[in-house]
Ligand code: NAP
């Protein structure tokens, strides 16, 4: 196995990086552990200061890093630059918040006063995906590092330049070496890292197949595990919603990042009274989206990550059409060559068709019609996923009822789902477990130790 990027638009191949040997890997884990032993003794404020330096590097180099992202995975360049800037925000959030989150806290009990300490775990393994090659990594590694841990990164094999750029930025920010290391390793080596006695936990963001493998390795080794997996987020529009805003929300929610986001809008449920109005406005907007070279500032949808991802998407559409779905726009298949995929909207979609039950990772979206509240909630909740959901209505009581009834980790009212450094992020059901971001994301990487002094 080797790590190499292939530009999804131009086909240009990057440098090949061979995986490291078992001996080299063993040495890296040992030296990371030694560095962590010193690191954990430093004051939280000092550790958090390095997150501030990292923010500065990310802000200053957002153009350069944006180009790496676009060339490796194909998202429009402006969105890639925005991704890097958002990483800087997350660094700043933990720079200013970590000392408060990690401050020992008294708890009164029948034993008198118990102090809660937030101590680091040791070494955290971060297994990360290509779809937000900077954001997914930064939001995981920064809280882990400022909490006093060492971190090993196993990034996706198609984004090695992003992985190396992040490693270099962390080093330049002043985090002591080798506290954070990027590893070019095989899947088998990932299991051996999880088993290693000096590695305490693993955080995976990725597909459900990878999640099941990582969780099983972590379970066998009795290691802590956070899983951020796939989703099929519903987007529900009630008849009293602001239709124009909901159309714009659905456009961004579904098509940004070339449709390859875990929290993308993947199933749109429209009340029957506004179905025609919404669908005609939506289709008109979708047809106006420019598809093409992701470096072109006018382009909103670049290629999906590779040809096989585009073909998988086409198969989901083809099977759904065979089950009765109708194309409102788009071809439902990639262009002759490469992995450009025209945005595709479907109507009359059966609830058990692939575009409804599986995760669609690209610019494809089904529109469903519903008649009443209980019906739509039950159809939304029939999904095996439970990551995010978006609800559009002018009635705040109805919105809060829906937020209570929908089975997901996040509910957004009158907006599309997006992540924020201060808001806990994660899913339920097959979308995974544990949380990232905010204080709760940081607590995934600490030992909450109760100290009672009689
Ligand atoms: P993926 O194929 O599961 O890969 C994710 C990471 O896991 C990569 O580093 C990959 O390495 C590694 N991996 C895969 N199988 C493995 C195994 N058996 N053992 C060890 N490591 C393994 O997912 P992806 O295609 O990159 O990412 C897309 C998926 O991520 C989508 O399902 C998306 O919804 C999900 N996602 C979830 C969130 C969230 O926060 N919930 C956020 C973003 C993305 P290789 O590249 O070497 O295979």
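Numbering (our numbering), first residue to last: 1 to 454.
Beta carbons are placed, not taken as given, at the ideal position from N, Cα and C, and that holds for glycine.
Is residue 317 close to the ligand NAP? I mean its beta-carbon at under 8 Å from any heavy atom of the ligand. Taking the chain shown and counting its residues from 1, one reaches residue 317 at position 317. No, the ligand NAP has no heavy atom inside 8 Å of this Cβ.
Nearest-angstrom Cα separation, counted from residue 179 out to residue 41: One-based indexing of the chain shown puts residue 41 at position 41. One-based indexing of the chain shown puts residue 179 at position 179. Rounded to whole angstroms, the gap between the alpha carbons of residue 41 and residue 179 is 13 Å.
Please determine, among 182, 347, 45 and 76, the residue with the shortest C-alpha to C-alpha distance to residue 300. In the chain shown, the residue the question calls residue 300 occupies position 300. Looking at 182, 347, 45 and 76, the one whose alpha-carbon comes closest to that of residue 300 is 76.
Three-way DSSP call (helix, strand, coil) for residue 128 in this model: Taking the first residue of the chain shown as position 1, residue 128 is located at position 128. Correct three-state label for residue 128: coil.
Give the secondary structure of residue 255 by DSSP, where H, G and I count as helix, E and B as strand, and everything else as coil. Residue 255 sits at position 255 when you count from the first residue of the chain shown. Collapsing the DSSP output to three states places residue 255 in a helix.
Starting from the Cα of residue 188, find the closest Cα among 84, 127 and 122 and give me that residue. Along the chain shown, read from residue 1 onward, the residue named residue 188 stands at position 188. In terms of Cα proximity to residue 188, the closest of 84, 127 and 122 is 127.
What are the uninterrupted segments assigned as beta strand (DSSP E) that are 3 or more residues long and contained completely in the segment 190–224, given in chain order? Here the runs fully enclosed are 199–205.
Please state whether DSSP places residue 266 in a helix, a strand or coil. If you number the chain shown from 1, residue 266 lands on position 266. Under the three-state reduction of DSSP, residue 266 is assigned to strand.
Delimiting residues of the alpha helix (DSSP H) encompassing residue 276: The count along the chain shown starts at 1 and reaches residue 276 at position 276. Its alpha helix (DSSP H) spans residues 275–288.
Bridge partners of residue 87, per DSSP? What you label residue 87 is simply residue 87 of the chain shown in a count that begins at 1. Answer is none; residue 87 lacks a bridge partner.
Residue 268 and residue 250 look like a contact to me (Cβ under 8 Å); what is the Cβ gap, rounded to whole Å? As a position in the chain shown, residue 268 is number 268, starting the count at 1. As a position in the chain shown, residue 250 is number 250, starting the count at 1. Your pair residue 268 and residue 250 checks out as a contact, with CB atoms roughly 6 Å apart and the cut at 8 Å.
Using 8 Å as the cut-off, classify the Cβ of residue 213 as near or not near the heavy atoms of the ligand NAP, replying yes or no. Locating residue 213 in the chain shown gives position 213, counting from the first residue. The closest heavy atom of the ligand NAP lies less than 8 Å from the beta carbon of residue 213.
Straight-line CA distance for residue 322 to residue 315? Position 322 of the chain shown holds residue 322. Position 315 of the chain shown holds residue 315. Residue 322 and residue 315 have their C-alpha atoms spaced approximately 11 Å apart.
Nearest to residue 348 by CA position, among 364, 336, 369 and 21, is which residue? Start at 1 with the first residue of the chain shown, and residue 348 comes out as number 348. Residue 369 holds the alpha-carbon nearest to the alpha-carbon of residue 348 among 364, 336, 369 and 21.
Local Cβ density within 10 Å of residue 326, reported as buried at 16 or more and exposed below that: By 1-based counting over the chain shown, the position of residue 326 is 326. It is exposed - the Cβ of residue 326 has fewer than 16 other Cβ atoms within 10 Å.
Can the beta-carbon of residue 90 be found closer than 9 Å to that of residue 28? Stepping through the chain shown from its first residue, residue 90 is reached at position 90. Stepping through the chain shown from its first residue, residue 28 is reached at position 28. Contact flag unset, no.
Cβ shell of residue 92 (< 6 Å), same chain only, five flanking positions each side left out: The residue labelled residue 92 in the question sits at position 92 within the chain shown. Hits under 6 Å: 55.
Check whether residue 394 and residue 412 have beta carbons under 9 Å apart: Within the chain shown, the letter at position 394 stands for residue 394. Within the chain shown, the letter at position 412 stands for residue 412. In this structure, residue 412 does not lie closer than 9 Å to residue 394 by Cβ.
Closest by CA to residue 434, which one among 146, 20 and 201? Position 434 of the chain shown, counting from 1, holds the residue named residue 434. Residue 201 is the option with its Cα nearest to residue 434.
Could you tell me which residues DSSP pairs with residue 368 in its beta bridges? As a working mapping, residue 368 is identified with position 368 in the chain shown. Bridge partners of residue 368: 269.
Just to confirm the assignment: which complete beta strand (DSSP E) runs, minimum length 3, are found wholly within the segment 330–402? Complete beta strand (DSSP E) runs here, min 3: 344–347, 364–370 and 388–392.
If you measure between the beta carbons of residue 392 and residue 261, is that distance less than 9 Å? If you number the chain shown from 1, residue 392 lands on position 392. If you number the chain shown from 1, residue 261 lands on position 261. No, Cβ-Cβ distance for residue 392 and residue 261 is not below 9 Å.
Nearest to residue 233 by alpha carbon, out of 215, 259, 223 and 218? Start at 1 with the first residue of the chain shown, and residue 233 comes out as number 233. For residue 233, the closest alpha carbon among the candidates 215, 259, 223 and 218 is that of 259.
Nearest residue (CA-CA) to residue 257, options 182, 170, 66 and 19: As a working mapping, residue 257 is identified with position 257 in the chain shown. With distances taken between Cα atoms, residue 257 lies closest to 66.
For residue 143, the three-state DSSP class (helix, strand or coil): Against the chain shown, residue 143 aligns to sequence position 143. For residue 143, the secondary structure class from DSSP, reduced to helix, strand or coil, is helix.
Do residue 332 and residue 307 have their beta-carbon atoms positioned less than 9 Å apart in this structure? Here residue 307 is taken as the residue at index 307 of the chain shown, counted from 1. Here residue 332 is taken as the residue at index 332 of the chain shown, counted from 1. No, the Cβ-Cβ distance between residue 307 and residue 332 is not below 9 Å.
Helix, strand or coil: which one does DSSP assign to residue 10? As a working mapping, residue 10 is identified with position 10 in the chain shown. Coil.
How far does the beta strand (DSSP E) with residue 234 in it reach, from first residue to last? Counting from one through the chain shown, the residue named residue 234 turns up at place 234. Residue 234 -> beta strand (DSSP E) spans 233–237.
Measure the alpha-carbon distance for residue 96 versus residue 122 and round it to whole angstroms. Translated into positions along the chain shown, residue 96 becomes position 96. Translated into positions along the chain shown, residue 122 becomes position 122. A straight-line Cα-Cα distance of about 23 Å links residue 96 and residue 122.
DSSP beta-bridge partners for residue 119? Taking the chain shown and counting its residues from 1, one reaches residue 119 at position 119. Paired residues: 447.
What distance in whole Å lies between the Cβ atoms of residue 68 and residue 169, which are believed to be in contact at a cut-off of 8 Å? Position 169 of the chain shown, counted from the first residue, corresponds to residue 169. Position 68 of the chain shown, counted from the first residue, corresponds to residue 68. Not quite, the Cβ-Cβ distance comes to about 11 Å (not below 8 Å), so this is no contact.
Helix, strand or coil: how does DSSP classify residue 49 here? The count along the chain shown starts at 1 and reaches residue 49 at position 49. Looking at residue 49 - three-state DSSP - the assignment turns out to be helix.
For residue 243, three-class secondary structure by DSSP: Taking the chain shown and counting its residues from 1, the one referred to as residue 243 is at position 243. Look at residue 243 here: in three-state DSSP terms it is helix.
Nonlocal neighbours in the same chain, by C-beta distance under 8 Å from residue 277, ignoring five residues either side: For this step, residue 277 is matched to residue 277 along the chain shown. Short of 8 Å from the beta carbon of residue 277, and not among the five residues preceding or following it, lie these beta carbons of its own chain, in chain order: 243.
Strand pairing of residue 158, partner residues [DSSP]: Sequence index remark: in the chain shown, residue 158 carries index 158 (1-based). According to DSSP, residue pairing for residue 158 in a beta bridge does not occur.
Would you check if the distance between the CB atom of residue 36 and the CB atom of residue 143 is smaller than 9 Å? The count along the chain shown starts at 1 and reaches residue 36 at position 36. The count along the chain shown starts at 1 and reaches residue 143 at position 143. Their beta carbons are not under 9 Å apart, which means residue 36 does not touch residue 143 by this criterion.
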